[in-house]
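Protein chains in written order, with the working numbering: chain A, 480 to 737; chain B, 480 to 737.
Protein chains: 2
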Amino acid sequence: MAETQGFTGTVLYEDGDHKYIWLGTEQKYSKGVIQTMQYLIIDQGRGVLLDPGGVHLFSRVVAAVSRYISIDKIDHIFFSHQDPDVSSGIALWLGVTKAKVHISSLWTRFLPHFGIVDPARVSGIEDKGGSLKLPSGTELRFLPAHFMHSPGQFNLWDPRSKILFTGDIGAAVFGEGEEVLFVEDFDRHIPLIQGFHTRYIASNSVARKWCDSVSRLDPEMIAPQHGAIYKGASVKRFLDWLSALRCGVDIADQIFGA
Amino acid sequence: MAETQGFTGTVLYEDGDHKYIWLGTEQKYSKGVIQTMQYLIIDQGRGVLLDPGGVHLFSRVVAAVSRYISIDKIDHIFFSHQDPDVSSGIALWLGVTKAKVHISSLWTRFLPHFGIVDPARVSGIEDKGGSLKLPSGTELRFLPAHFMHSPGQFNLWDPRSKILFTGDIGAAVFGEGEEVLFVEDFDRHIPLIQGFHTRYIASNSVARKWCDSVSRLDPEMIAPQHGAIYKGASVKRFLDWLSALRCGVDIADQIFGA
Numbered sequence: 480m481a482e483t484q485g486f487t488g489t490v491l492y493e494d495g496d497h498k499y500i501w502l503g504t505e506q507k508y509s510k511g512v513i514q515t516m517q518y519l520i521i522d523q524g525r526g527v528l529l530d531p532g533g534v535h536l537f538s539r540v541v542a543a544v545s546r547y548i549s550i551d552k553i554d555h556i557f558f559s560h561q562d563p564d565v566s567s568g569i570a571l572w573l574g575v576t577k578a579k580v581h582i583s584s585l586w587t588r589f590l591p592h593f594g595i596v597d598p599a600r601v602s603g604i605e606d607k608g609g610s611l612k613l614p615s616g617t618e619l620r621f622l623p624a625h626f627m628h629s630p631g632q633f634n635l636w637d638p639r640s641k642i643l644f645t646g647d648i649g650a651a652v653f654g655e656g657e658e659v660l661f662v663e664d665f666d667r668h669i670p671l672i673q674g675f676h677t678r679y680i681a682s683n684s685v686a687r688k689w690c691d692s693v694s695r696l697d698p699e700m701i702a703p704q705h706g707a708i709y710k711g712a713s714v715k716r717f718l719d720w721l722s723a724l725r726c727g728v729d730i731a732d733q734i735f736g737a
Numbered sequence: 480m481a482e483t484q485g486f487t488g489t490v491l492y493e494d495g496d497h498k499y500i501w502l503g504t505e506q507k508y509s510k511g512v513i514q515t516m517q518y519l520i521i522d523q524g525r526g527v528l529l530d531p532g533g534v535h536l537f538s539r540v541v542a543a544v545s546r547y548i549s550i551d552k553i554d555h556i557f558f559s560h561q562d563p564d565v566s567s568g569i570a571l572w573l574g575v576t577k578a579k580v581h582i583s584s585l586w587t588r589f590l591p592h593f594g595i596v597d598p599a600r601v602s603g604i605e606d607k608g609g610s611l612k613l614p615s616g617t618e619l620r621f622l623p624a625h626f627m628h629s630p631g632q633f634n635l636w637d638p639r640s641k642i643l644f645t646g647d648i649g650a651a652v653f654g655e656g657e658e659v660l661f662v663e664d665f666d667r668h669i670p671l672i673q674g675f676h677t678r679y680i681a682s683n684s685v686a687r688k689w690c691d692s693v694s695r696l697d698p699e700m701i702a703p704q705h706g707a708i709y710k711g712a713s714v715k716r717f718l719d720w721l722s723a724l725r726c727g728v729d730i731a732d733q734i735f736g737a
């Protein structure tokens, strides 16, 4: 993708009250570091930030957000799970905003290990999920995505834009200069997602369960934290592919080398 | 346990050349933060540090280590997996030591998100495991423990002390003032480990696989990163209990609330 596009981000959905923004990715490909994508929902001028990432990315993400909204208007930060590339910047984000953090209740007691974290600002999401009402009345839903890979992972469903933010699910690993924002050709995308999903997702049974619940939502886009966004025909192609994937404990003998 | 014991640590194994030390835990119980335990192996005067933990604990663990060995004699740091309570202090530890870091190759590309990390100092462990030769000739083994919970988790087997460091496996959650260093009565310990293992471990099939491989080692002690150390009769009791546990994707309907 063009460097300027990578840097400035793209509006994925917009109406009078509500915007869904892809905040871009690292400007320069960096070998040995997994690339991440951040998203921002703006609803009646107030912000919800999704997986803002680690210490490593903080200044870039602050700059990207501030092109769309002032940082002090971020009311909520959603963490899909506990990994360093998702949530290790928490202490910095709590410092520059008054936002409340939403993460699986499995991880609330682990967050203070990232640094100074006020537990009163962390809201644990129960296993079955929950919701978050925005100023316009639109209600975001925390959708269970446990064991894909994290034992406590949530997706964020926005029923207004029909965009499902999926954290690690759908993640692709690009080679240098190969990055695209949208999956244009699903067959060509498979080699970029095969390795990750086969090795990190816990089992086909849980993948199928997740695919069934996502199919019922009929999303316009599936937006992961790494790789590229699925839209149009590639949404269904991805769900069909993942439903049929043998992975994780299904192939434990192969992984453990027993 | 007595506060002074908690603070100063305990030598679990010792011979002329080789020591295995429990470095203690947080001196004060802190509600809302998961407690962690660190271990140090000293072999012919050189150190291997196990799961030294996050930013939050750095100064305590540095102080605890320095009672036994000078910090610059730590040659290796082992991270069982990528969670914040295990590895978020990596940039600080790389700053005060010349140590090499060992972690699953699944996580090497995620570590830079914790801060400044020189990839040349991180050694990715392949899925099937590996080993690390110490100055005395004793060879530590990286034993696969994937999906329990992390998709890329390793245990560290020390064949000389016969202590198996298990990261999250065996973790117990104590109430205030209930901490013990060793599991004295396994039946009374079950309620403290049941919740964690049922919810975080990916499946009974993988738990059984792990228990079988650990039984073959016949460890003297199983030393987890949280909770208490299993020794003597409690080792076998724990393995039998875990082998029979339905967990994770086995009970997905219950967890997802479907």
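Ideal placement from N, C-alpha and C gives every residue a C-beta, glycine not left out.
Owing to the predicted nature of the structure, the values given are computational and were not obtained by experimental measurement.
Counting along the chain, A/Pro623 sits inside no alpha helix (DSSP H); it lies in the beta strand (DSSP E) bounded by residues Glu618 to Pro623. The alpha carbon of B/Gly656 has as its nearest neighbour, out of B/Gln514, B/Ser640 and B/Arg639, the alpha carbon of B/Gln514.
Looking only at B/Asp530, B/Lys579, B/Phe537 and B/Gly503, the smallest Cα-Cα distance to B/Ile553 is reached by B/Lys579. The criterion of a C-beta distance shorter than 8 Å is not satisfied by B/Ala624 and B/Gln704. In this structure A/Thr617 is not in contact with A/Ala702, their Cβ atoms being roughly 17 Å apart against a cut-off of 8 Å. Close to B/Ile734, with beta-carbon spacing below 7 Å, are these residues of chain A in chain order: Asp606 and His625. The beta-carbon separation of B/Ile556 and B/Pro531, rounded to 6 Å, stays under the 8 Å limit for a contact. Straight across, the Cα-Cα distance linking A/Arg588 with A/Asn634 is about 20 Å. A/Thr587: not part of any alpha helix (DSSP H); DSSP gives it neither H nor E. Residue state for B/Leu671 is assigned as helix, using DSSP reduced to three classes. Measuring C-alpha to C-alpha distances from A/Ile708 to each of A/Glu663, A/Gly609, A/Lys498 and A/Asp564 identifies A/Glu663 as the nearest. In terms of Cα proximity to B/Asp522, the closest of B/Ser682, B/Asp637 and B/Glu605 is B/Asp637. Here A/Ile595 has Ala570 as same chain residues with Cβ atoms under 6 Å from its own Cβ, once five neighbours each way along the sequence are excluded. The continuous stretches of beta strand (DSSP E) do not include B/Lys641, and DSSP gives it neither H nor E. At a Cβ-Cβ threshold of 8 Å, A/Ala686 and A/Leu721 count as neighbours. The DSSP-derived three-state label of A/Arg525 is strand.
Rounded to whole angstroms, B/Gly609 and B/Met627 show a C-alpha spacing of 18 Å. The continuous beta strand (DSSP E) containing B/Ser602 extends over residues Val601 to Ile604.
Taking 8 Å as the threshold, the shortest C-beta distance from B/Gly532 to chain A falls below it. For A/Tyr679, at least one C-beta of chain B is nearer than 8 Å to its own C-beta. Interface annotation for the segment 592-617 of chain A against chain B: His592, Phe593, Gly594, Pro598, Asp606 and Lys607, criterion Cβ-Cβ distance under 7 Å.
Under the 8 Å criterion on CB atoms, B/Ser684 is classed as interfacial with respect to chain A. The C-beta separation of B/Ile520 from B/Phe558 comes to about 14 Å, leaving the pair out of contact by the 8 Å criterion. Taking 8 Å as the threshold, the shortest C-beta distance from A/Pro630 to chain B falls below it. Under DSSP, A/Trp501 takes part in a beta bridge, and its partners are A/Thr489 and A/Tyr518. Shown here for A/Ser615: same chain residues with a beta carbon closer than 7 Å to its own, the five before and five after excluded, namely Asp496, His497, Asp522 and Gln523 in chain order.
With a threshold of 8 Å between beta carbons, B/Ala707 makes no contact with chain A. When C-beta atoms of the segment 687-695 of chain B are compared with those of the segment 686-697 of chain A, fewer than three pairs fall below 8 Å, so the two segments do not count as touching. At a cut-off of 8 Å, the C-beta of A/Ala723 has no neighbouring C-beta in chain B. Across the structure, B/Leu536 and B/Trp572 are spaced so that their CA atoms are roughly 11 Å apart.
For A/Ala542, the enclosing alpha helix (DSSP H) has its first and last residue at Phe537 to Ser545. When the beta-carbon positions are compared, B/Lys607 and A/Gly736 come within less than 8 Å of each other. Taking 8 Å as the upper bound on Cβ-Cβ separation, chain A lies near residues Gln561 of the segment 538-561 of chain B. Distance from the CA atom of B/Lys577 to the CA atom of B/Leu622, rounded to whole angstroms, is 24 Å. When the Cα atoms are used, A/Ile500 and A/Asp719 turn out to be separated by approximately 27 Å. At a beta-carbon threshold of 8 Å, the residues of chain A lying near B/Pro563 are Gln561, Pro563, Ser566, Ser567, Phe589, Leu590, His592 and Phe593, ordered along the chain.
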